[in-house]
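Participant: Have a look at this one.
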Amino acid sequence: MRRHLLACAAATAFTMGTATAQTLTMGVIAGPESIDPHFTATGTHSESLKHVFDTLTHSGDRLQIEPGLAESWRIVDPTTWEFRLRRGVKFHDGSDMTAEDVAASIRRMQTLSGPNPTSIYVRRVREVRVVDPHTLQVVTDGPAPTLPNDFIRLFVTSARATAGLTPENSNEAFNSGRAAIGTGPYRFGSWTPREQFTVDRFEGYWGGRPAWARHVRREIANPAARVAQLRTGQVDMIVRVPAADVPTLERDRNMTVVKAETVYVFNLALDQREPTPQVTARDGSRLAANPYRDPRVREAIDLAIDRRALAEVAMEGLGTPQSQMVTPGIFGYNPQLTIPTPNVARARQLLAEAGFPNGFRMVLNFSNNRLPGDNAVGTSIAQMLARIGIEVQAAGQPAAVIFPARARGELSNTMAGWGTLTGEANYYYAANAHTANRELRLGAFNFWGFSNPEIDRLIQAANVELDDKKREELLQRVGALFTAERVVIPIAAVGSAWAMRRDRVTLRVGRSDEETYAWDVTPVSR
Numbered sequence: 004m005r006r007h008l009l010a011c012a013a014a015t016a017f018t019m020g021t022a023t024a025q026t027l028t029m030g031v032i033a034g035p036e037s038i039d040p041h042f043t044a045t046g047t048h049s050e051s052l053k054h055v056f057d058t059l060t061h062s063g064d065r066l067q068i069e070p071g072l073a074e075s076w077r078i079v080d081p082t083t084w085e086f087r088l089r090r091g092v093k094f095h096d097g098s099d100m101t102a103e104d105v106a107a108s109i110r111r112m113q114t115l116s117g118p119n120p121t122s123i124y125v126r127r128v129r130e131v132r133v134v135d136p137h138t139l140q141v142v143t144d145g146p147a148p149t150l151p152n153d154f155i156r157l158f159v160t161s162a163r164a165t166a167g168l169t170p171e172n173s174n175e176a177f178n179s180g181r182a183a184i185g186t187g188p189y190r191f192g193s194w195t196p197r198e199q200f201t202v203d204r205f206e207g208y209w210g211g212r213p214a215w216a217r218h219v220r221r222e223i224a225n226p227a228a229r230v231a232q233l234r235t236g237q238v239d240m241i242v243r244v245p246a247a248d249v250p251t252l253e254r255d256r257n258m259t260v261v262k263a264e265t266v267y268v269f270n271l272a273l274d275q276r277e278p279t280p281q282v283t284a285r286d287g288s289r290l291a292a293n294p295y296r297d298p299r300v301r302e303a304i305d306l307a308i309d310r311r312a313l314a315e316v317a318m319e320g321l322g323t324p325q326s327q328m329v330t331p332g333i334f335g336y337n338p339q340l341t342i343p344t345p346n347v348a349r350a351r352q353l354l355a356e357a358g359f360p361n362g363f364r365m366v367l368n369f370s371n372n373r374l375p376g377d378n379a380v381g382t383s384i385a386q387m388l389a390r391i392g393i394e395v396q397a398a399g400q401p402a403a404v405i406f407p408a409r410a411r412g413e414l415s416n417t418m419a420g421w422g423t424l425t426g427e428a429n430y431y432y433a434a435n436a437h438t439a440n441r442e443l444r445l446g447a448f449n450f451w452g453f454s455n456p457e458i459d460r461l462i463q464a465a466n467v468e469l470d471d472k473k474r475e476e477l478l479q480r481v482g483a484l485f486t487a488e489r490v491v492i493p494i495a496a497v498g499s500a501w502a503m504r505r506d507r508v509t510l511r512v513g514r515s516d517e518e519t520y521a522w523d524v525t526p527v528s529r
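Position in the sequence shown (from 1) plus 3 gives the number in the numbering used here.
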């Protein structure tokens with residue numbers, strides 16, 4: 004298995020190094036938001052906690068599905084998947100991991116809620132059957148061809164450690180360490196929110212002995228500060244290097260830089276609810292209707308955005324203009340969709356036709372610490388919208404602030420990034436493009452009140468279509484219809500860069516999901 008081989012190779016490299024190589028200190032943009040892996044689906048949260056808690060399936064470097072705690076899986080009948088679990092897997096407290104733990108984890112994810120609910124990964128599950136300690140059958144609400152893809156985020160927690168926990172006391176139990184018992188390569192060590200997350204090697208890990216005795220993930224949200232701490236040797240490596248610093252670091256003999264294209268797409272989501280809280284007339288008075296509900300206004304906003312300028316200037320060359328919400332290489336990507344050409348004059352004309360010849364006033368909410376360039380992209384979009392007569396208040400906020408506010412319905416728009424982390428377009432569309440429907444467990448991230456019956460029908464059809472070619476065609480049709488609605492406007496795919504001290508560590512690969520794990524980093528032999 005890939006991870007096992009990597010871990011063993013890294014362990015060999017570790018024994019060749021010196022004692023000072025036992026701790027890997029990494030400067031990251033953000034860390035976990037809790038130690039409960041089921042608390043939120045945010046990427047930086049998941050990335051951190053994968054060191055402590057393992058998942059049923061693994062996502063490879065290019066998002067290919069690989070065995071994890073499940074060593075194999077098969078379709079028993081159109082609505083039943085069977086997963087065979089790896090034998091000999093131990094939790095950090097020494098107890099055996101069994102099918103009961105997996106079943107309890109699935110049920111827990113179905114009931115917990117957070118700022119970005121992880122229930123989207125188990126939304127198709129209707130029933131869980133424990134066949135024996137190492138065999139689990141999952142009954143779905145219909146044919147579920149992508150269930151193994153979804154289970155790359157099915158974090159397995161100890162049934163015994165989580166027994167009796169409620170949504171109200173779960174975070175305390177995990178954050179104190181009482182329930183933070185996983186099967187991952189590292190044990191939970193300590194966590195100071197917004198500062199540092201530390202894990203220690205688990206000698207009993209099923210995938211092989213980890214290279215590093217300790218791994219420290221130091222939260223350094225400020226990009227310049229991350230680079231400064233790398234240069235002064237306070238950290239061994241940093242993630243999400245500011246684009247402006249990439250050329251300088253590449254010329255530095257003491258540094259190594261790794262670059263990769265990612266699956267994250269910056270996008271602007273526009274509220275369809277009536278009324279919407281953050282849009283007014285230019286004089287601050289209430290409008291008769293939410294302007295975002297008018298397709299002419301949405302098209303005007305789309306035409307005001309110069310994607311190439313954002314990719315080349317705001318993202319400083321680490322971006323790629325995007326025509327849709329999934330990137331090339333994702334199953335369901337539609338190659339027929341084209342990138343809009345900006346047209347300020349036409350945008351102004353559309354606003355006038357919609358009854359806003361003098362524009363209106365809006366707050367533009369955007370993340371400013373989650374992905375490389377998000378603050379610059381948000382600020383630039385505000386300036387672009389001003390050119391067509393919309394008065395914009397730019398409101399850059401940390402992801403930990405903006406996402407809960409979005410879930411509470413307090414925002415009229417959000418500019419942030421989304422990554423199709425399962426490698427399959429239905430992961431995005433089922434959660435964002437479908438009408439919010441708790442009964443169907445669809446539209447969990449559709450906070451904007453968007454609804455299109457034809458898109459719903461196509462998504463539901465793709466959900467159960469076992470024929471890959473037919474499912475791909477369905478998803479491409481969804482992509483075309485949803486993109487044309489302009490309720491969520493795709494902007495640019497995010498490129499990323501990692502930098503490290505050449506004499507300390509090497510990074511095996513820059514992953515397309517941007518996640519950076521200790522087992523992909525090797526100590527340099529001395």
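Every residue gets a Cβ at the ideal spot worked out from N, C-alpha and C, and that includes glycine.
Please state whether DSSP places methionine 112 in a helix, a strand or coil.
Facilitator: Along the sequence shown, read from residue 1 onward, the residue named residue 112 stands at position 109. In the structure shown, methionine 112 sits in a helix (DSSP, three-state: H, G or I).
Participant: Would you call the CB atoms of isoleucine 184 and phenylalanine 269 closer than 7 Å?
Facilitator: Numbered from its first residue, the sequence shown carries residue 184 at position 181. Numbered from its first residue, the sequence shown carries residue 269 at position 266. No; because the gap between Cβ atoms is not below 7 Å, this pair is not in contact.
Participant: Under 8 Å: do the region 63-74 and the region 505-524 share three or more Cβ pairs, one atom per stretch?
Facilitator: yes
Participant: Taking DSSP's pairing of strands, which residues face tryptophan 421 in a bridge?
Facilitator: Taking the first residue of the sequence shown as 1, we reach residue 421 at position 418. In the DSSP output, where bridge partners are listed per residue, tryptophan 421 has Val268.
Participant: Buried or exposed for aspartate 248, please, with buried defined as at least 16 other CB atoms from any protein chain shown within 10 angstroms of its CB.
Facilitator: Here residue 248 refers to the residue found at position 245 when the sequence shown is read from its first residue. Classification for aspartate 248: buried.
Participant: Determine the direct distance from the alpha carbon of tyrosine 336 to that of valine 481, and round the result to whole angstroms.
Facilitator: For the purposes of this step, residue 481 is taken as the residue at position 478 of the sequence shown. For the purposes of this step, residue 336 is taken as the residue at position 333 of the sequence shown. Those two C-alpha atoms are separated by around 10 Å.
Participant: Apply the 10 Å Cβ neighbour rule to alanine 292 and answer buried if 16 or more other Cβ atoms are within range, or exposed otherwise.
Facilitator: As a first step, residue 292 is located in the sequence shown; it is residue number 289 there, counting from the start. Within 10 angstroms of the beta-carbon of alanine 292 lie fewer than 16 other beta-carbons, which makes it exposed.
Participant: In this structure, how does DSSP classify leucine 290 when only helix, strand and coil are distinguished?
Facilitator: What you label residue 290 is simply residue 287 of the sequence shown in a count that begins at 1. The answer is coil: DSSP assigns leucine 290 none of H, G, I, E or B.
Participant: Determine which residues share a DSSP beta bridge with glutamate 222 and list them.
Facilitator: Stepping through the sequence shown from its first residue, residue 222 is reached at position 219. Val31, per the DSSP bridge assignment.
Participant: What is the rounded straight-line gap between the Cα of isoleucine 458 and the Cα of arginine 126?
Facilitator: Walking along the sequence shown from the start, residue 458 turns up at place 455. Walking along the sequence shown from the start, residue 126 turns up at place 123. Near 18 Å, if we compare the C-alpha coordinates of arginine 126 and isoleucine 458.
Participant: Please tell me whether threonine 60 and glycine 71 are closer than 7 Å, where the distance is taken between their beta carbons.
Facilitator: Here residue 60 refers to the residue found at position 57 of the sequence shown. Here residue 71 refers to the residue found at position 68 of the sequence shown. In this structure, glycine 71 lies closer than 7 Å to threonine 60 by Cβ.
Participant: My output table needs one value for tryptophan 501: the three-state DSSP class, helix, strand or coil.
Facilitator: Start at 1 with the first residue of the sequence shown, and residue 501 comes out as number 498. Here tryptophan 501 sits in strand by DSSP.
Participant: Can the beta-carbon of valine 282 be found less than 7 Å from the beta-carbon of methionine 418?
Facilitator: For the purposes of this step, residue 282 is identified with residue 279 of the sequence shown, where counting begins at 1. For the purposes of this step, residue 418 is identified with residue 415 of the sequence shown, where counting begins at 1. Cβ atoms of valine 282 and methionine 418: not closer than 7 Å.
Participant: Under a three-way DSSP split, which group does phenylalanine 369 fall into?
Facilitator: The residue given as residue 369 occupies position 366 in the sequence shown. DSSP places phenylalanine 369 in strand when its eight states are reduced to three.
Participant: Among the candidates His218, Glu277, Pro298, whose CA atom is the shortest distance from the CA of leucine 290?
Facilitator: Here residue 290 refers to the residue found at position 287 when the sequence shown is read from its first residue. The shortest Cα separation from leucine 290 among His218, Glu277, Pro298 belongs to Glu277.
Participant: Is the beta carbon of valine 141 closer than 7 Å to that of tryptophan 76?
Facilitator: As a working mapping, residue 76 is identified with position 73 in the sequence shown. As a working mapping, residue 141 is identified with position 138 in the sequence shown. Result no, Cβ atoms of tryptophan 76 and valine 141 do not sit closer than 7 Å.
Participant: Compare the beta carbon distance of alanine 303 and leucine 252 with 7 Å and say whether it is the shorter of the two.
Facilitator: Walking along the sequence shown from the start, residue 303 turns up at place 300. Walking along the sequence shown from the start, residue 252 turns up at place 249. Result no, Cβ atoms of alanine 303 and leucine 252 do not sit closer than 7 Å.
Participant: Who does arginine 87 pair with in a DSSP beta bridge?
Facilitator: Residue mapping note: residue 87 aligns to position 84 of the sequence shown, counting from 1. Looking at the DSSP assignment, arginine 87 forms a beta bridge with Ser75, Thr138.
Participant: Is it the case that the region 139-155 contacts the region 90-109, given that we only count it when at least three CB pairs across the two stretches are under 8 Å?
Facilitator: yes
Participant: Would you kindly report the start and end of the unbroken beta strand (DSSP E) that includes tyrosine 189?
Facilitator: What you label residue 189 is simply residue 186 of the sequence shown in a count that begins at 1. Run containing tyrosine 189: 189-195, per the beta strand (DSSP E) assignment.
Participant: Out of curiosity, what's the CA-to-CA distance linking arginine 411 and alanine 433?
Facilitator: Within the sequence shown, residue 411 is the residue found at index 408, counting from 1. Within the sequence shown, residue 433 is the residue found at index 430, counting from 1. Cα to Cα, the separation comes out at about 20 Å.
Participant: Check each candidate in Ala224, Thr43, Ile109 and name the one with the smallest Cα separation from asparagine 119.
Facilitator: The residue you call residue 119 lines up with position 116 of the sequence shown. Of the candidates Ala224, Thr43, Ile109, the one whose C-alpha sits nearest the C-alpha of asparagine 119 is Thr43.
Participant: Thinking C-beta only, is valine 497 closer than 7 Å to threonine 265?
Facilitator: In the sequence shown, the residue the question calls residue 265 occupies position 262. In the sequence shown, the residue the question calls residue 497 occupies position 494. Their beta carbons are under 7 Å apart, which means threonine 265 touches valine 497 by this criterion.
Participant: Given this structure, state the Cα-to-Cα distance separating proline 148 from threonine 438, to the nearest angstrom.
Facilitator: To locate residue 148, count along the sequence shown from 1; it is residue 145. To locate residue 438, count along the sequence shown from 1; it is residue 435. Spanning the two alpha carbons is a distance of roughly 21 Å.
Participant: Leaving out five residues on either side along the sequence, give the residues of the same chain with a beta carbon under 7 Å from the beta carbon of glycine 322.
Facilitator: As a position in the sequence shown, residue 322 is number 319, starting the count at 1. The answer, listed in chain order, is Leu313, Ala314, Gly376, Ala495, Ala496, Val497, Gly498.
Participant: Quick one: is arginine 221 buried, meaning 16 or more other Cβ sit within 10 Å of its Cβ, or exposed?
Facilitator: In the sequence shown, residue 221 corresponds to position 218, counting from 1. Buried, since its Cβ has 16 or more Cβ neighbours within 10 Å.
Participant: Could you say if the region 390-397 and the region 233-250 meet the contact criterion of at least three C-beta pairs nearer than 8 Å?
Facilitator: no
Participant: Quick one: what's got a C-beta closer than 6 Å to threonine 382's C-beta in the same chain, skipping five residues either side?
Facilitator: Position 379 of the sequence shown holds residue 382. Cβ neighbours of threonine 382 beyond the five flanking positions: Ala397.
Participant: Once the 5 residues before and after asparagine 172 are set aside, which same chain residues still bring their CB inside 6 Å of it?
Facilitator: By one-based count along the sequence shown, residue 172 stands at place 169. Here the set comprises nothing.
Participant: Whole angstroms are fine: how far does the CA of arginine 129 sit from the CA of alanine 317?
Facilitator: Counting from one through the sequence shown, the residue named residue 317 turns up at place 314. Counting from one through the sequence shown, the residue named residue 129 turns up at place 126. One C-alpha to the other measures close to 45 Å.
Participant: On the DSSP bridge list, what partners appear for phenylalanine 200?
Facilitator: Position 197 of the sequence shown, counted from the start, is the residue given in the question as residue 200. BP columns for phenylalanine 200 point to Trp194, Arg220.
Participant: State the DSSP-derived secondary structure class of lysine 53, mapped to helix, strand or coil.
Facilitator: Residue mapping note: residue 53 aligns to position 50 of the sequence shown, counting from 1. Correct three-state label for lysine 53: coil.
Participant: Quick one: give me the first and last residue of the alpha helix (DSSP H) that leucine 354 is part of.
Facilitator: For this step, residue 354 is matched to residue 351 along the sequence shown. 347-356 is the span of the alpha helix (DSSP H), which, as asked, contains leucine 354.
Participant: Just the Cα atoms here: how many angstroms apart are tyrosine 208 and histidine 54?
Facilitator: Position 205 of the sequence shown, counted from the start, is the residue given in the question as residue 208. Position 51 of the sequence shown, counted from the start, is the residue given in the question as residue 54. Spanning the two alpha carbons is a distance of roughly 11 Å.
Participant: Where in the region 394-476 do unbroken runs of the beta strand (DSSP E), each at least 3 residues long, occur, reported from the N-terminal end onward?
Facilitator: 394-400, 416-422
Participant: Assign valine 249 to one of three DSSP states: helix, strand, or coil.
Facilitator: Position 246 of the sequence shown holds residue 249. Helix at valine 249.
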